[in-house]
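In terms of the numbering used here, the sequence shown has 184 at position 147, counting the first letter as 1, and numbering is strictly consecutive. First up is the structure itself, then whatever we jot down about it.
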Amino acid sequence: MDVDLVVVGSGFFGLTVAERVATLHGRKVLVIDRRPHIGGNAYSEVEPTTGIEVHRYGAHLFHTSNERVWEYVNRFTAFTSYVHRVFTTHRGEVFGMPINLGTINQFFRSAHGPAAARALVREQAAELGGARPQNLDEQGVSLIGRPLYEAFIRGYTAKQWQTDPRDLPASIISRLPVRYTYDNRYFNDTHEGLPVDGYTAWLERMADHPNIEVRLGTDFFDESQPVSKGDVVGNVPVVYTGPVDRYFDHAEGDLSWRTLDFDQQVLDVGDFQGTSVMNYADEDVPFTRILEFRHFHPERDYPDDRTVVTREYSRFAEHGDEPYYPISTATDRERLLAYRDLAARERDVLFGGRLGTYRYLDMHMAIGSALSMVDNKLAPHFDGGAPLR
Ligand code: FDA
C-alpha cells in the first residue's frame with residue numbers, strides 16, 4: 038500500500054491528523070470512513086426544499102478558549118458572530134438557561150440582586166443538612182436547591198437518561214452552573230461562532246490536500262475491501278478513531294452509550310420558535326429539545342415562509358444505533374481500562390477521538406487532542422525519531 042499513514046474516521050480528529058501529517062511532513066495519508074460523507078458527527082447538509090443548513094447529528098456550536106486551536110481552525114474557515122443562547126420551557130413559561138439571575142427572578146417572581154439570589158440558593162441547597170447525596174436527585178438538590186432543580190434539571194435529566202434520577206448515581210452531575218448575573222450566554226469561551234460557509238465546507242477544506250485521499254463508504258472491518266484492518270495493521274501506521282471496543286471485537290464487553298433520535302420537519306412558517314434551541318424541561322413532553330436551524334445563521338438569505346425544525350429524543354443505544362454520549366458506568370470504566378491495555382499493546386496503531394477514547398469531546402477538544410497526538414507521536418515518527426509508539 039503506497040501510503041505513509043491510514044486514518045480511520047474522517048471526523049475532526051481524523052482530519053486534523055491527516056491535514057497536519059500531509060502538510061507538515063509531506064506524507065501520504067489515506068483517510069477512510071464507513072459513512073457516505075466526510076466529517077463525522079460535525080457533518081452538515083443543506084435541506085433541499087429550503088436551502089437551510091441542517092446539522093445531521095445534532096446541533097454543533099463551535100467554541101474554544103484554546104488559542105492554538107482557534108488559530109488552526111481559522112486556516113480553514115471564517116466564523117460568524119453567532120452567540121449561542123438556550124431557552125427552556127417549563128410549565129408553559131420560557132426561561133433563560135443556564136440558570137442566571139434572570140431565570141431566578143422570573144421563577145421566584147422576585148427582584149433579587151446577586152447577593153440575595155446567592156443567599157436564597159445557598160439556603161435552599163442546604164436542605165439535606167450536609168448529608169452526602171445518595172443519588173442524582175439528592176445531588177441536584179444539594180447543588181442548587183429543590184425548587185430550581187425540580188423545575189429545570191430533574192425532568193430534563195430523567196428524559197435524557199430514561200431513568201428516574203433517584204435511580205441514577207450522584208456522580209453524573211458534579212456541578213450545575215448558576216450565574217448570579219444576567220449573562221445568558223451559553224458558553225464562557227473566548228471564541229465562539231459558526232463556520233461562515235457551513236461545517237461541511239470547513240471539513241472538506243481540511244481534506245483538500247494533494248497528499249490526502251479520502252475513501253468514503255469504507256468500513257475498516259470489512260475484510261472484502263482493500264484497506265481493512267487485516268491488510269493494514271502491521272504494514273502501515275494507523276490512527277483509529279472508531280469505537281475502541283469494536284476494534285477488539287468487543288473482547289472485554291460492550292461500552293455503553295446514549296443515542297438520540299431526530300425527528301426533522303419542514304414547516305410552512307417563517308419562524309417557528311424565534312430561537313435556535315428550545316429545551317423542554319418537563320417530563321410530560323417526550324422530547325428534550327427543539328432545534329430550529331435557520332436561527333444559527335441569521336446573516337443568511339433563508340426563505341421567509343418556511344423553516345426546518347428537529348425534535349430530539351434521547352435513549353440508551355443498542356447495537357446498530359449511533360453512539361453519542363458515553364454512559365461511563367463503573368462497568369464501562371473497568372472495561373475501558375482493559376481496552377486501554379489492549380490498545381497500548383497494539384503496535385503502530387494510535388487510538389484517538391471521542392469513539393477511540395470513549396470520552397465526550399467537544400470539537401475544539403477533538404482538534405486539540407489530535408494536534409497533541411501529531412506533536413507527540415506522529416511528528417517524531419515521520420521526522421525519523423522513535424514514537425508512533
Ligand atoms: P466523529 O464521531 O466525528 O468521527 C468518527 C468517524 O469515524 C465517523 O465519521 C465514523 O463514521 C468513523 N468510523 C467509525 N468506525 C469506523 C470504521 N469501522 N471504519 C471507518 N470509519 C469508521 N461539540 C462542540 O464543540 N459543540 C457542539 O455544539 C457539539 N454538539 C454535539 C451534539 C451531539 C448530539 C453530539 C453527539 C456531539 C456534539 N459535539 C459538539 C461533539 C462533536 O460531535 C465531537 O467533538 C466530534 O464529533 C469529535 O470528532 P471525532 O473525529 O473524534 O469523532
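Beta carbons: idealized from backbone N, C-alpha and C, even for Gly. Please read these numbers as outputs of a predicted model, since none were measured by experiment.
What residue range is occupied by the uninterrupted alpha helix (DSSP H) comprising residue i?
i           : result
residue 144 : 138-144
residue 193 : 192-198
residue 56  : 49-62
residue 215 : No alpha helix (DSSP H) contains residue 215, which DSSP labels as neither H nor E.
residue 418 : 416-419
residue 392 : 390-394
residue 110 : 104-110
For the beta strand (DSSP E) containing residue i, list its first residue and its last residue.
i           : result
residue 351 : 344-353
residue 42  : 42-45
residue 249 : 249-252
residue 89  : 89-92
residue 158 : Premise fails: residue 158 lies in the alpha helix (DSSP H), 151-162, not in any beta strand (DSSP E).
residue 84  : 81-84
Which class does residue i belong to by DSSP, given the choice of helix, strand or coil?
i           : result
residue 231 : coil
residue 189 : helix
residue 98  : coil
residue 126 : strand
residue 133 : strand
residue 205 : coil
residue 120 : coil
residue 401 : helix
residue 265 : coil
residue 424 : coil
residue 69  : strand
residue 383 : coil
residue 170 : coil
residue 361 : coil
residue 245 : coil
residue 76  : coil
residue 260 : coil
residue 377 : helix
residue 38  : coil
residue 222 : coil
residue 237 : helix
residue 366 : coil
residue 179 : helix
residue 147 : coil
residue 115 : coil
Leaving out five residues on either side along the sequence, give the residues of the same chain with a beta carbon under 8 Å from the beta carbon of residue i.
i           : result
residue 149 : 138, 141, 142 and 157
residue 106 : 401, 404, 405 and 408
residue 470 : The question about residue 470 has no answer, for the chain in this structure spans 38 to 426.
residue 202 : 172, 173, 174, 177, 191, 194 and 195
residue 218 : 137, 138 and 151
residue 88  : 339 and 340
residue 304 : 343, 344, 345 and 346
residue 397 : 362, 363 and 391
residue 354 : 293, 294, 295, 296, 360 and 361
residue 183 : 161 and 164
residue 91  : 81, 82, 83, 84, 301, 330, 345 and 347
residue 319 : 126, 127, 128 and 192
Keeping to the same chain, check which residues put their C-beta closer than 6 Å to that of residue i; ignore five residues upstream and five downstream.
i           : result
residue 298 : 350
residue 242 : 113
residue 293 : 364 and 369
residue 283 : none
residue 188 : 127
residue 98  : 121
residue 186 : 177 and 178
residue 134 : 123 and 125
residue 43  : 67, 269, 273 and 275
residue 101 : 107, 226, 228 and 401
residue 260 : 267
Among the residues of its own chain, which have a CB less than 7 Å from the CB of residue i, if the five just before and after it don't count?
i           : result
residue 434 : Outside the shown range of the chain (38 to 426) lies residue 434, about which nothing can therefore be said.
residue 115 : 233
residue 198 : 205
residue 40  : 65, 66, 67 and 273
Hey, would you say the C-beta of residue i is under 7 Å away from at least one heavy atom of ligand 2?
i          : result
residue 70 : As presented, the structure is devoid of ligand 2, carrying ligand 1 as its sole ligands.
Output the residue ranges of the beta strand (DSSP E) runs that lie fully inside the region 269-343 and measure 3 residues or longer, sorted by chain position. 275-277, 294-304, 314-317 and 326-329
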